[in-house]
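Working notes for the structure below.
Residue numbers (the working numbering), protein chains in the order written: chain A, 82 to 333; chain B, 3 to 96; chain C, -19 to 298.
Right under this line is the structure:
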C-alpha cells in the first residue's frame, strides 16, 4: 500500500508509532511484577492503541473510499510501516520496557504539546487528548526510573543496561526528512529537531536523580520512517495481522 | 521474597459536592504511588474527580467490642430526631 | 471451660446476626471456620480472575480489528482489577496477598477450572465472554448479598463493571453468526467446546457439594449450585437460539411443568480430571503466573529498597 499525500503519510506515521508502542505494552498484560502495575501498564497500552485509532481514522477520512483504520493496521506489510524503531523493539524485561517508555514519554509530551498548535485542526484535536495522556505517562515512567535506578544494585544494573541498549534508537525521534520539512513549512507538522534540547533536559535531570548515567553518544540507528525496520517488526505484524491475513475480507 | 508493599485505603469523590467515599484498597510503595495506582485501578471508568489515599496502618478503628459503650448510649435521645415532635394537622413544612 | 462457654455464646450471637441479614465486618468476632471458609472462597475467586487474564490475553496480540483489540484489552484489564478487589477483600481477613499467591503456586488454593481450557480460535474469545462471564455473573449477582461486607461490596463493584463483558462476548458470537460459513462454524465449534465446562463452573450438584450446607447457613453462599446452574442454562439457551447457535446437548428440552430447561448429565469425570491438574493447560496457566511473579521479584525488591533509602535520608540529615 503506497501512500502519496504528504499529510496522510504524516498522520499514518504518527498512528504507526502509537500502534506499535501500544501493542508492545499490551504484551505485559498478566505478566507485570504485581497486579497494580498490570492494570496501570494496561491503561498506558490502551491510551496508545486509542491514539493509533484516532490517527488512522483521520488518515482513512483523508483517503476516502473503502479505507478504514483497520486497513492501516492489518493490510500493510513491514516496508509500509513507518514507526520509530524504538517502538518496535521487543519488550525485554521490565527495566527495558520502562526505560523505553520514559525515553519516549519525555519526547511525546513536548511533541504532543507542539502538535496542539498544528495548522491542521484535526491533528491539533488529537494532540490535545494525547497531551493529557502523555503528561501522566511521563510522570509514571519518570517515577519508575527513580525507583529502578536508585533501588537495588540489580535494578540499577538492569536499568543502566537497558538505557545503553536503547540510546542509539533515540536519535530517530528528532530526525527530519523531506516529508517533515514540507509539512513544517506549512505549520502542519512538528519540527521534531527543535524538541531535542527539552527532551535532553528531562532525560538528564531524571537520570541524574535516578543515579543513572547518560550513555555515551554512539551515533544513531534510523530507518523506521523509510520502512527499514529491525527483524522484530515482521514477527509482530505476523502475529497482529494473523486473522485478517488468514481470513481476508470478513467482518469481525 | 515478601513483596513488602504497603496497604493503602482509597477514597474517591465521584463528583463535586459529594463526600469522598471508601472504595477499596491497594498495594503501593508510598502514598504518591498509591495515588497513581488508585487512579489506574479505581477510576478506569471515570468514577472520580478527587482521590484520597491513606496507609491502612494509620487508620485507628473502633472495635465491635466498643459498640456497647460507644453507640448504645446515643440511642436514648429521641428528642434529637425531628420525628419525635408532633405537628398539628396541615403543618408540613416545619 | 469458661472460654468454651463464651465461644458458644459468640457463635450463637454471630449466627443470629447473620440470620438477621446483618453484614459481618472485618474487625467483628467471627468463627474461625467462617474466616477460613471465606478466605478459601474469596481467594479462589481472586485467583480465577487473575488466571482468567491468560486465555483471553492470548488473543490481544491477534485481535482481528483495532476496536476488538481495545475492547479485549479493557476487558482483560478489568479481570486484573477484579482480582485486585478480591485480594483486598481477602486481606481484610488477616491474610496477606503474598500468602494467597503462595497458596496458588503450591496448589493449596484453586482457581476456576474452566481457565485450564485453551482459547484456540477468535470465536473462543466470544464464547468465553458470553458463556464464562455470564456464568460468573449469575453467581456474582447472588454474592452481592453475601454475609461478609467487604466481599459483598467487591461483588457490587465487579457486577457493575462486568456487564459489558458478557455483551462484548455475545456481540462477537453474533457477528460471527452473521458472517461467512467458516465464521459460523468457528462460532459453533467454540460453543461446543465451552458449553459443558461452563455448566461445570457452578460446581458439583448440591447433594455432593462439600462446603455448601455450612456456606449457606453462614450466608456466604446465597443460592445453591444447581439453582444458579439452572438460571444460567435458561438464559444461555435462549441467547444461543436467538443467533442460530445449537447448544450441544441432545437431552436439552423445555420442561413446561418446571418452567425450566431440562438438560443432560454433566461429565463429572472430566471435571475431576481437569480440577485435579490434567486439563489441557493447567501446567501452562500456573507456570505463566509463577514465572511472572518470579520475574517481578527484583522490581518489588527495588521498590522496597528505594522506599527504605528515602525514609533513611531525613534521619541522616537530623
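Cβ coordinates follow ideal geometry from the N, Cα and C atoms, glycine included.
(message) Measuring straight from C-alpha to C-alpha, what distance separates residue 64 (chain C) and residue 50 (chain B)?
(response) A direct Cα-Cα distance of roughly 19 Å separates residue 64 (chain C) from residue 50 (chain B).
(message) If I follow the unbroken beta strand (DSSP E) through residue 97 (chain B), where does it start and stop?
(response) Outside the shown range of chain B, which is 3 to 96, sits residue 97 (chain B), and nothing can be said about it.
(message) Can you check whether the C-beta of residue 268 (chain C) is within less than 9 Å of a C-beta belonging to chain A?
(response) Residue 268 (chain C) counts as touching chain A.
(request) Locate the alpha helix (DSSP H) running through residue 213 (chain C), then write down its first and last residues. (result) Note, residue 213 (chain C): alpha helix (DSSP H), 205 to 222.
(message) I want to know whether the segment 273 to 290 of chain C touches the segment 227 to 243 of chain A - three or more CB-CB distances under 8 Å.
(response) Taking a cut-off of 8 Å on C-beta distances, the segment 273 to 290 of chain C touches the segment 227 to 243 of chain A, as three or more cross pairs fall below it.
(request) Return the Cβ separation of residue -2 (chain C) and residue 143 (chain C) in integer angstroms, given the expectation that the two are a contact with Cβ distance under 8 Å. (result) In fact, because the Cβ distance is near 29 Å, the residues do not count as touching under 8 Å.
(message) Using a Cβ distance threshold of 8 Å, determine whether the segment 147 to 160 of chain A contacts the segment 117 to 124 of chain A, with at least three qualifying pairs required.
(response) Because the criterion of three Cβ pairs below 8 Å is not met, the segment 147 to 160 of chain A and the segment 117 to 124 of chain A do not touch.
(message) In whole angstroms, give me the CA-to-CA distance for residue 100 (chain A) and residue 138 (chain C).
(response) Rounded to whole angstroms, the gap between the alpha carbons of residue 100 (chain A) and residue 138 (chain C) is 29 Å.
(message) Based on DSSP bridge pairs, tell me the residues matched to residue 96 (chain C).
(response) The partner list for residue 96 (chain C) (beta bridge, DSSP) is empty, contrary to what the question assumes.
(message) Distance cutoff 9 Å, beta carbons only. Does residue 24 (chain B) sit that close to anything in chain A?
(response) The C-beta of residue 24 (chain B) comes no closer than 9 Å to any C-beta of chain A.
(request) Give the secondary structure of residue 127 (chain C) by DSSP, where H, G and I count as helix, E and B as strand, and everything else as coil. (result) Correct three-state label for residue 127 (chain C): coil.
(message) Looking at chain C, is there any beta carbon in it that lies within less than 9 Å of the beta carbon of residue 20 (chain B)?
(response) Chain C, which has no Cβ nearer than 9 Å to the Cβ of residue 20 (chain B), makes this no.
(message) For a test of the three-state rule: what should DSSP assign to residue 242 (chain C), helix, strand or coil?
(response) Note: residue 242 (chain C) maps to strand in three-state DSSP.
(message) Going by DSSP, what residue range makes up the alpha helix (DSSP H) through residue 211 (chain A)?
(response) For residue 211 (chain A), the enclosing alpha helix (DSSP H) has its first and last residue at 202 to 230.
(request) Report the rounded CA-to-CA distance for residue 52 (chain C) versus residue 210 (chain A), giving the unit in angstroms. (result) Straight-line Cα distance between these residues: approximately 22 Å.
(message) Any beta carbon of chain B sitting closer than 9 Å to that of residue -19 (chain C)?
(response) Confidence at residue -19 (chain C) is low in this model, with a pLDDT of 48, below 50, so the placement of that residue should be treated as unreliable; the coordinate-derived value is given next. At a cut-off of 9 Å between C-beta atoms, residue -19 (chain C) does not count as an interface residue with respect to chain B.
(request) Assign residue 4 (chain C) to one of three DSSP states: helix, strand, or coil. (result) It is a strand residue.
(message) Rounded to whole angstroms, what is the Cα-Cα separation between residue 263 (chain C) and residue 271 (chain C)?
(response) Near 12 Å, if we compare the C-alpha coordinates of residue 271 (chain C) and residue 263 (chain C).
(request) Can you give me the Cβ contacts of residue 146 (chain C) inside the same chain, cut-off strictly under 8 Å, excluding the 5 residues immediately before and after it? (result) Same-chain partners within the cutoff: 109, 110, 113, 114, 117.
(request) Give me whichever residues DSSP pairs with residue 54 (chain B) in a beta bridge. (result) According to DSSP, residue 54 (chain B) bridges with B:13.
(request) Could you name the residues of the segment 102 to 135 of chain A whose beta carbon sits closer than 7 Å to any beta carbon of chain B, in the order they occur along the chain? (result) Taking 7 Å as the Cβ-Cβ cut-off against chain B, the residues of the segment 102 to 135 of chain A that qualify are 115, 117, 120, 121, 124.
(request) Report the neighbours of residue 9 (chain C) on chain B: residues whose CB is nearer than 9 Å to its CB, in chain order. (result) In chain order, 66, 67 make up the part of chain B whose C-beta sits under 9 Å from the C-beta of residue 9 (chain C).
(request) Sort A:325, A:254, A:174 by Cα distance to residue 229 (chain A) and report the nearest one. (result) Of the listed residues, the one whose Cα sits closest to residue 229 (chain A) is A:174.
(request) Leaving aside the five residues before and after residue 183 (chain C) along the sequence, list all residues of the same chain whose C-beta is less than 7 Å from its C-beta, in chain order. (result) In chain order, 189, 205 place their CB closer than 7 Å to the CB of residue 183 (chain C), counting only its own chain and leaving out the 5 sequence neighbours on each side.
(message) What does the alpha-carbon distance come out to for the pair residue 9 (chain B) and residue 219 (chain A)?
(response) C-alpha separation (whole angstroms): 25 Å.
(request) Determine the burial state of residue 291 (chain C): buried for a count of at least 16 other Cβ atoms within 10 Å of its Cβ, exposed for fewer. (result) Result: exposed.
(message) Any C-beta of chain B within less than 9 Å: which residues of the segment 214 to 228 of chain A qualify?
(response) Of all residues in the segment 214 to 228 of chain A, 217, 220, 221, 224, 228 have a Cβ within less than 9 Å of some Cβ in chain B.
(request) Taking only the alpha-carbon atoms, compute the straight-line gap between residue 4 (chain B) and residue 38 (chain B) and give it to the nearest angstrom. (result) Model confidence at residue 4 (chain B) stands at a pLDDT of 46, short of 50, so the residue's coordinates are unreliable; what they give is reported in the following sentence. When rounded, the distance between both Cα atoms is 22 Å.
(request) Per DSSP, which residues does residue 27 (chain B) bridge with? Please list them. (result) Answer by DSSP bridge pairing, in chain order: B:11.
(message) Here's a check: name, in chain order, each residue in its chain whose Cβ is nearer than 8 Å to the Cβ of residue 58 (chain B), leaving out the five neighbours to either side.
(response) If we look at residue 58 (chain B) and ignore the five residues flanking it on each side, its Cβ neighbours are 8, 9, 10, 11, 27.
(request) Would you mind working out which of C:135, C:243, C:104 sits nearest residue 202 (chain C), comparing C-alpha positions? (result) Measuring from the Cα of residue 202 (chain C), the nearest candidate turns out to be C:135.
(message) Rounded to the nearest angstrom, what separates residue 294 (chain A) and residue 281 (chain A) at their Cα positions?
(response) Each residue's CA atom was taken as its position, placing residue 294 (chain A) and residue 281 (chain A) some 13 Å apart.
(request) On a CA-only basis, which of C:46, C:37, C:49 is nearest residue 56 (chain C)? Give me that one, please. (result) It is C:37.
(request) Find out if the Cβ-Cβ distance for the pair residue 269 (chain A), residue 179 (chain A) is shorter than 9 Å. (result) Going by C-beta atoms, residue 269 (chain A) is not nearer than 9 Å to residue 179 (chain A).
(message) Considering only their Cβ atoms, is the gap separating residue 183 (chain A) from residue 276 (chain A) smaller than 9 Å?
(response) At least 9 Å separates the beta-carbon of residue 276 (chain A) from that of residue 183 (chain A).
(message) According to DSSP, is residue 226 (chain C) part of a helix, a strand, or is it coil?
(response) The answer is coil: DSSP assigns residue 226 (chain C) none of H, G, I, E or B.
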